[in-house]
Amino acid sequence: MPPPLLSVEHLDVVYDGTITALSDVSLTVEPGQVVAVLGSNGAGKTSLLRAVSRSLQPYGGTVTGGAVRFAGQDLAGTDAADVVRRGLVQVPEGRRIFRDLTVAENLRAGGYTVRDARARAQARDRVFDLFPILAERRDQPGGLLSGGQQQMLAMARALMVSPQLLLLDEPSLGLAPLLVDQIGEIVTEINKQGTAVLLIEQNAVMGLRVADAAYVLETGRVTAAGTSAELSASDEVRERYLGVAAPVVETETVRGEPAIATAQPPQQLRVEGLTVRFGGITALSEVSFTVEPGTVHALIGPNGAGKSTLVNVLGGAYRATEGSVHYGDAELTALRSDKVAGLGVARTFQNISLALEDTVEDNLLVGRHRLMHRGLLPGALKLPGARREERAHRETVAGIAELLGIAHLLRTPVHTLAYGDRKRVEMGRALAARPSLLLLDEPVAGMTHGESQDMADTIRQVRRDLGLSIVLVEHDMPFVMGLAEQVTVLDFGKKIAEGTPAQVQRDPEVLRAYLGASAAGDAAA
Amino acid sequence: MSDLPKKLAGLALLLVALALPLVLTDFWLQTGLFVMATAIGAVGLTLLVGVAGQLSLGHAAFAAIGAYVYAWTSGETTGSVAGLGLPPVVGLVLGVGAAALVGAAFSPVAGRLRGIYLGLATLGLVFVVRHLVVNLEDWTGGFVGRSVQSFALGGFSFSNRDPDYLAVAGVEFEGLHRLWYLFLALAVAAVWLAANLRGSRTGRAWANVRDSETAAAAMGIGVARAKAAAFVVSSGYAGLTGAMLALAYGRVAPDVFSLTASIDFLVMIVLGGLGSVAGAVVGAVFVTSLPLVLAQYSSSLPFLAAPGSGGLEASTASRIVYGLAIIAVLVFVRGGLAGLVRRRLTRSAAPSAARTPVDDGQPAAVSPPRSKETTR
Amino acid sequence: MSYFLEQVLNGLSYGLVLSLIAAGFAIVFTSTGVLNFAHGSIVLLGAYLVAVLHEGIGFWPAVLVGLAGAALVGVSINAVLVRNLADKGPDTAAILMLGVDIVLLTELTRRIGNQVLTLGAPWGASVVRLGDISLPTGRVLAAGVTVVAFAGLWYLFSRTDLGVGMRAAAADGPTASLMGIRLSRTAATGWALAGVLAAVAGVFLTSFPAPGVAPTVALSALAAIPAWVLGGFDSVPGAVVGGLVIGLTSALVTGYEAQLEPFLGTGFGEVAPYVVMIVVLLVRPSGLLGSKEAVRV
């Protein structure tokens, strides 16, 4: 019996020497198969692809155990360029086309390893056959293509080497449902022409529809595997990834005096007609919603729906193209990021952004920056006032660490911490700023189920004890359902639904966004 | 790790520095003066480059401003150059102030540019200041430079010109000895201030601006202002260095403050380890004393030839050693000398602190986790 | 009027030579992220090789050796030192290059000593006359060669696999390596190209009207830094524009020094490029043609 085309055996991957991304992951892809790997953000899907395509190193990742075999040969010791020459090509997440190169030049770069002019011309003809729109726009810079066309270009670019195995990382990311279906059909077509496909998907419906077999990855481990039919029928997969019957936990509404005083009582946050464009791409289009003081308001939507863009506008990091955001009387869209923070708006980041070499305590103290007043000279001279202030704030920060369960880590440099702890430190830093409005950008991405339950408890506790408003950005629906009073659903940069968790969950538009057009059709039927 | 060993080591060093003039010859005293002067500049630059993450190649320009302003304000008017004849202390303060002020004037640029980009913009400053120095002959003495008023404090002179006899333990305290203690006091103060600043609210803000401007701004830190402040502080330090160099030489001339001097300051802080105040001092010791020592002892070093004889001259040898040292440290030592020491200490403190081992045949570059994002 | 025209033409031809050096800065920067402070020494190295070899093997073969030598040194610096930095990052790489520059320049200075080596260029000190304007032949030739060199670069970067691969690698290295493009190879090519351009510039910077090969040539290559920064850090066309702007500025400021002296002082020609650079950076931090850094959070 010939060896499988790709076999991943007991693979372990670690980043920065401390953060485990994959442990003991095994899977196989047979020639001519489409295999899907499903899982939420941070489950380790991308790390898996990078380990296979030997591209972990630039991201600080290393394989610490196990092996990857392609057509029977161990890939240890080969680099990304070797792997491509053997017929294994990865299409990266987020498409990553070369924006300043024309479509034709992008394809040329894709076919870089093909020396034979005839083989190359054939590959190009095949690609243009598959994606006629690219032939039409061959002389335009890649950056001017629409999102769907960019995804096609990214796939076309990889097909230029006529690979045996194509690795696709989240091809449906940020695409409208109709386009997702189209991409699915293209994957099937590519497969029919003889290329095996390993497909990474967050959109489980699309993944299971095109794949022969699938694996479910959760926080770096394979938790389920089987044929697509088996997995589609599994209750757990249906619940967690197909959005069926996520339980709605009613939040108890807490009123009363907060335990730690907020700077100011929270204000109403009004987002009105907000539009954001980058170059030719519209990331947000006329989004409006209101967050009442003291409530938890969730923004949900599939990856690429514009959630992070929205948080970045609220925090002052991005400028709005049109529309306005008011927090109380202040117009946030007119303010610089640090001024927004000065109003009592604090945030966390989707990709944790801490000073890695400093201790947890120092990182938390940065949150106190806006509340401390001693400037450069008193600090340099260690004047009594500055010392007193420093001491007082260290105590406050210790209290916050206590609240978050990281008090024992105060003196530890952040770079030695595990992922979940880092997330908590970032949350602590935001809380240290004594916010009245807290923006949480994907607070449980990459956490285990247990860890995210802990985080949910922490968020509840914070809201209860500090009496602030929280805007929670998440793509994990069940997590949000148990936390938020109001939910706004974004898709493709537009608001498609709003209401209580229960209302939103029944909304056909939401089902369509999460499950794809055909699945929504099934649900409606 | 507790601060106690660090403090003890500092105290021991201070005692040694206090005692050294009793035993050193004039050559070593002079070398010590240059080392202490440049160490201050290096400490200021490490605040800017290592802590705030901004690159500056203009340090020599600010040192020049400090030196010339001191020379002009404290000097007397003579036939060739003008002077204000102010007390030297006032001149010193004005020198530092002027350098900081010019730094502040440059801060619109400093606040807007990042890292290397700022480094290149500041490169221009060196040439502009040099042009001014050469052309404003009435104040600066042009190409030849001007002599510098020696330092005095409340009638106590720090020079040989005014030999009110003073001896400690049988060693006569001449100008060089006196300057040694003046410089030592200034250097200790500068190091103390910088270390405080690094651990203060301002220092934390700078470090966060370096690591991520977006995150810093989201915590309420005014990014442009923080960068400009770091630039002003480091310019002030450079100004002090300039004035001290003027005192140590007894003259100022444009060539002392060339682009090479700027580069030397950068090299000091990189060799010592970016962001480390102690490292900057160690770097200054090496960079400043190497050429002086090699030149002084060239006759007793067999591989060096006398100047003009066509062999390897001391100045050439020291330049090459210097260049090779930069390369060697950057290629072999992570985090400069300070990083080396820190790793030693951590290792002896926690021998079992297991960093996850690597690997399956890939080049094992688990570089220090400085990546700003944590990816999964 | 003809004096003015002469200054302009001189400035443009000098600017084109500067743009060769500036393009080298830009290519190394885009292909490896390194600010190559040793570039001036590589310019000098190219010229030095020609100067010491031309008597033995003739001028043109010596030029070939000069180009190859400069390219080889660049490639080895990258392969041996830059790729093995303990802390990788643009700042440490820049300082590493300062160290390399010190070693290279000191050694070349030691070898050259106090002499000014002649290049043995066949065009010697001849002059081309156009009406009442006269220009050194070397300058005219420099302009011609530079235009050809840039045409070659354009062809490379838009019409060949290697060039397109280099652009892809510069735009997004990790993604380019997923296409099988070896970043070590595109980086080496970038350093080699920069070395060749530097050596070409070195030949023209040291032949008439310049006196010959002396260590100061490495310093005059520094004047290309403002040209590079002005054009935008990552843009080869920007390097051309920047080179021309700086060349013209210095030629005119130097040419009319007598008239400008009361306001600007003596020797302003050397400073003018840097003043122009600071002003442009104030208005456009990413240079004239540079791409703006987009920071995604």
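Protein chains in written order, with numbering that gives the first Met the number 0: chain E, 0 to 524; chain F, 0 to 375; chain W, 0 to 296. Ideal Cβ placement from N, Cα and C applies to all residues, glycine included. It should be emphasised that the depicted structure is a prediction, and the values quoted were computed from it without experimental measurement.
Check this for me: beta carbons of V27/W and L44/W, under 8 Å apart or not?
Residue mapping note: residue 27/W aligns to position 28 of the third sequence, counting from 1. Residue mapping note: residue 44/W aligns to position 45 of the third sequence, counting from 1. It is not a contact, given that the beta carbons lie outside the stated cut-off.
So does the stretch 179-189 of chain E actually touch the stretch 9-27 of chain E, counting three or more Cβ pairs closer than 8 Å?
The stretch 179-189 of chain E, when compared against the stretch 9-27 of chain E, does not touch it at the 8 Å Cβ threshold.
Please state the DSSP three-state secondary structure of G164/E.
Sequence index remark: in the first sequence, residue 164/E carries index 165 (1-based). Residue identity check: residue 164/E is Leu in the sequence provided, not Gly. DSSP, read as helix, strand or coil, puts L164/E in strand.
Which whole-angstrom value describes the C-beta separation of P434/E and L467/E, a residue pair presumed to lie in contact below a C-beta threshold of 8 Å?
Taking the first sequence and counting its residues from 1, one reaches residue 434/E at position 435. Taking the first sequence and counting its residues from 1, one reaches residue 467/E at position 468. Confirmed, Cβ separation roughly 6 Å.
Taking Cβ to Cβ, would you say A92/W is nearer than 8 Å to L182/W?
Along the third sequence, one-based indexing puts residue 92/W at 93. Along the third sequence, one-based indexing puts residue 182/W at 183. No; because the gap between Cβ atoms is not below 8 Å, this pair is not in contact.
CB of L15/W within 8 Å of CB of G242/W, strictly
Sequence index remark: in the third sequence, residue 15/W carries index 16 (1-based). Sequence index remark: in the third sequence, residue 242/W carries index 243 (1-based). Annotated as proximal: L15/W and G242/W, with beta-carbon spacing under 8 Å.
Give a yes or no on whether the minimum CB-CB distance between R68/E and chain F is below 8 Å.
In the first sequence, residue 68/E corresponds to position 69, counting from 1. Not closer than 8 Å to any Cβ of chain F, the Cβ of R68/E fails to qualify, so no.
Flag this pair as touching only if the stretch 56-66 of chain F and the stretch 229-244 of chain F have three or more C-beta atom pairs under 8 Å; answer yes or no.
Taking 8 Å as the limit for Cβ pairs, the verdict is that the stretch 229-244 of chain F does touch the stretch 56-66 of chain F.
Given that a residue counts as buried once 16 or more other Cβ atoms are within 10 Å of its Cβ, and exposed if not, what is I245/W?
Along the third sequence, one-based indexing puts residue 245/W at 246. So I245/W ends up on the buried side.
Opposite D73/E in the DSSP bridges: which residues?
As a working note, residue 73/E is residue 74 in the first sequence. The partner list for D73/E (beta bridge, DSSP) reads R68/E.
Please tell me whether L177/W has its Cβ less than 8 Å away from any Cβ of chain E.
As a position in the third sequence, residue 177/W is number 178, starting the count at 1. Put simply, the CB of L177/W is near chain E, with a gap under 8 Å to one of its CB atoms.
Got a sec: is the Cβ-Cβ distance from Q72/E to anything in chain W below 8 Å?
Locating residue 72/E in the first sequence gives position 73, counting from the first residue. Not an interface residue.
Starting from V295/E, follow its DSSP beta bridges and name the residues at the other end.
Position 296 of the first sequence, counting from 1, holds the residue named residue 295/E. According to DSSP, V295/E bridges with I469/E.
Counting only Cβ-Cβ distances shorter than 7 Å, please list the residues of the stretch 79-102 of chain W near chain E, keeping chain order.
Those residues of the stretch 79-102 of chain W placed with their C-beta closer than 7 Å to a C-beta in chain E do not exist.
Shorter than 8 Å from the beta carbon of D99/E to some beta carbon of chain W?
As a first step, residue 99/E is located in the first sequence; it is residue number 100 there, counting from the start. Taking 8 Å as the CB threshold, D99/E lines the interface with chain W.
Taking DSSP's pairing of strands, which residues face K494/E in a bridge?
Indexing the first sequence from 1 puts residue 494/E at position 495. Answer is L489/E.
To which residues of the same chain is F33/F closer than 8 Å at the C-beta, ignoring the five residues directly before and after it?
The residue labelled residue 33/F in the question sits at position 34 within the second sequence. These residues qualify, in order along the chain: L244, A247, T287, S288, L291.
Let me know the secondary structure DSSP gives T205/W once reduced to three states.
Indexing the third sequence from 1 puts residue 205/W at position 206. Assigned with DSSP and collapsed to three states, T205/W falls in helix.
Pick helix, strand or coil for L124/F, following the three-state DSSP scheme.
The sequence position of residue 124/F within the second sequence is 125, counting from 1. In the structure shown, L124/F sits in a helix (DSSP, three-state: H, G or I).
For L439/E, I'd like the list of residues in its chain whose CB is within less than 6 Å of its CB, leaving aside the five on either flank, ordered along the chain.
Here residue 439/E refers to the residue found at position 440 when the first sequence is read from its first residue. Residues T347, L471 of the same chain have their beta carbon placed closer than 6 Å to that of L439/E, with the five preceding and five following residues left out of the count.
Rank I325/F, L339/F, F150/F, S275/F by C-alpha distance to the C-alpha of T45/F and give the top, closest one.
As a first step, residue 45/F is located in the second sequence; it is residue number 46 there, counting from the start. Nearest of I325/F, L339/F, F150/F, S275/F to T45/F, Cα basis: S275/F.
With 8 Å as the threshold, decide whether the Cβ of S52/E is near any Cβ in chain W.
Taking the first residue of the first sequence as position 1, residue 52/E is located at position 53. S52/E counts as touching chain W.
Can you give me the Cβ contacts of L103/W inside the same chain, cut-off strictly under 7 Å, excluding the 5 residues immediately before and after it?
The sequence position of residue 103/W within the third sequence is 104, counting from 1. Cβ neighbours of L103/W beyond the five flanking positions: A37, S40, L44.
Identify whether Q6/W lies in helix, strand or coil by the three-state DSSP scheme.
As a position in the third sequence, residue 6/W is number 7, starting the count at 1. Helix, per DSSP.
Is V179/E closer than 8 Å to M205/E when the C-beta atoms are compared?
The residue given as residue 205/E occupies position 206 in the first sequence. The residue given as residue 179/E occupies position 180 in the first sequence. Against a cut-off of 8 Å, the Cβ pair of V179/E and M205/E comes out as a contact.
Starting from the Cα of A228/F, find the closest Cα among V22/F, A194/F, Q53/F, L183/F and give me that residue.
Here residue 228/F refers to the residue found at position 229 of the second sequence. Of the listed residues, the one whose Cα sits closest to A228/F is Q53/F.
Measuring CB to CB, does L143/E end up less than 8 Å from A167/W?
Here residue 143/E refers to the residue found at position 144 of the first sequence. Here residue 167/W refers to the residue found at position 168 of the third sequence. Going by C-beta atoms, L143/E is not nearer than 8 Å to A167/W.
Measure from the alpha carbon of R49/E to the alpha carbon of each residue in A193/W, E256/W, L177/W, then state which is nearest.
Counted from its first residue, the first sequence places residue 49/E at position 50. Closest by alpha carbon: L177/W.
Could you say which of I299/E, G300/E, P3/E, E321/E lies nearest to V275/E if we only look at CA atoms?
Residue 275/E sits at position 276 when you count from the first residue of the first sequence. Of the listed residues, the one whose Cα sits closest to V275/E is E321/E.
Please report the straight-line C-alpha distance between G327/E and G343/E, rounded to a whole angstrom.
As a position in the first sequence, residue 327/E is number 328, starting the count at 1. As a position in the first sequence, residue 343/E is number 344, starting the count at 1. Whole-angstrom Cα-Cα distance: 11 Å.
Taking V332/F as part of the alpha helix (DSSP H), name the residues at either end of that continuous run.
Translated into the one-based positions of the second sequence, residue 332/F becomes position 333. Following the DSSP letters along the chain, one finds V332/F in no alpha helix (DSSP H), marked with neither H nor E.
Hey, is V266/F's beta-carbon within less than 8 Å of any beta-carbon in chain W?
Walking along the second sequence from the start, residue 266/F turns up at place 267. Yes - at least one Cβ of chain W is within 8 Å of the one on V266/F.
Say whether chain E places a C-beta atom closer than 8 Å to the C-beta of L100/F.
By one-based count along the second sequence, residue 100/F stands at place 101. Not closer than 8 Å to any Cβ of chain E, the Cβ of L100/F fails to qualify, so no.
Rounded to whole angstroms, what is the Cα-Cα separation between A348/F and L3/F?
The residue you call residue 348/F lines up with position 349 of the second sequence. The residue you call residue 3/F lines up with position 4 of the second sequence. Note on A348/F: pLDDT 47, under 50, position unreliable in the model; the coordinate value appears next. Taking the straight line joining both Cα atoms gives about 14 Å.
Are the CB atoms of L270/F and V328/F nearer to each other than 8 Å?
For this step, residue 270/F is matched to residue 271 along the second sequence. For this step, residue 328/F is matched to residue 329 along the second sequence. In this structure, V328/F lies closer than 8 Å to L270/F by Cβ.
So which of V28/E, R114/E, S54/E has the shortest CA-CA distance to Q163/E?
On the first sequence, residue 163/E is found 164 positions in, with the first residue counted as 1. With distances taken between CA atoms, Q163/E lies nearest to V28/E out of V28/E, R114/E, S54/E.
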